[in-house]
Amino acid sequence: MDTAVRARTAALGITAIAALTSIGLAGNPALAASDTTTTSTTAAAVQSSGHPTTSLKYAYELVRAFGTGSDVDVERLATDAVVKTLSEHGDSHASRWHRFAADSAAGSTYVAYTSLDTGEEMTLGVSNEKSADGDDEAVRQIRFDG
Numbered sequence: 143m144d145t146a147v148r149a150r151t152a153a154l155g156i157t158a159i160a161a162l163t164s165i166g167l168a169g170n171p172a173l174a175a176s177d178t179t180t181t182s183t184t185a186a187a188v189q190s191s192g193h194p195t196t197s198l199k200y201a202y203e204l205v206r207a208f209g210t211g212s213d214v215d216v217e218r219l220a221t222d223a224v225v226k227t228l229s230e231h232g233d234s235h236a237s238r239w240h241r242f243a244a245d246s247a248a249g250s251t252y253v254a255y256t257s258l259d260t261g262e263e264m265t266l267g268v269s270n271e272k273s274a275d276g277d278d279e280a281v282r283q284i285r286f287d288g
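In this note's numbering, the protein residues as written are 143 to 288.
The following block contains the structure:
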């Protein structure tokens, strides 16, 4: 291979790598990350402050159970009042919820979701003590807005 061709090929390769790197740096962390698990964890950490991981897991599991219609899991994870509110709300648009905020105060973690179908917001209150102990009915409060 000709020396000039090698030099041009090397320069092209370096330019391509530099361009891809700059896209990753200029874009969000998800573009630069190669591991999707790390990206999800990083995104959750940025959106939330001061919350126990177990309370978030309870909220996530409740939203997932509600979305899939798993009454047994909903009843295991939430108090009767929360189950009743979910039942009265209905589940016609229950499967596409996106968590957009979480924060802790007064022994509870409050996790907010928005429906990707309707724009409605749902906030869950999870007992930090109950979730840390792995108890049933850790999701103690629910509110729908919108």
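Glycine included, every Cβ here is placed at the ideal spot set by N, Cα and C.
- In this chain, the alpha helix (DSSP H) harbouring L228 covers 222 to 231.
- Straight-line spacing of the CA atoms in F242 and M264 works out to 10 Å.
- In terms of CA proximity to E217, V281 leads the group V281, R285, D287, G288.
- A check of alpha carbon separations from S229 across D213, L219, S273 identifies D213 as the nearest.
- The DSSP-derived three-state label of A236 is coil.
- Straight across, the Cα-Cα distance linking T251 with E262 is about 20 Å.
- A220 has its alpha-carbon roughly 7 Å from the corresponding atom of L204.
- As a beta-bridge residue in DSSP terms, R241 pairs with Y255.
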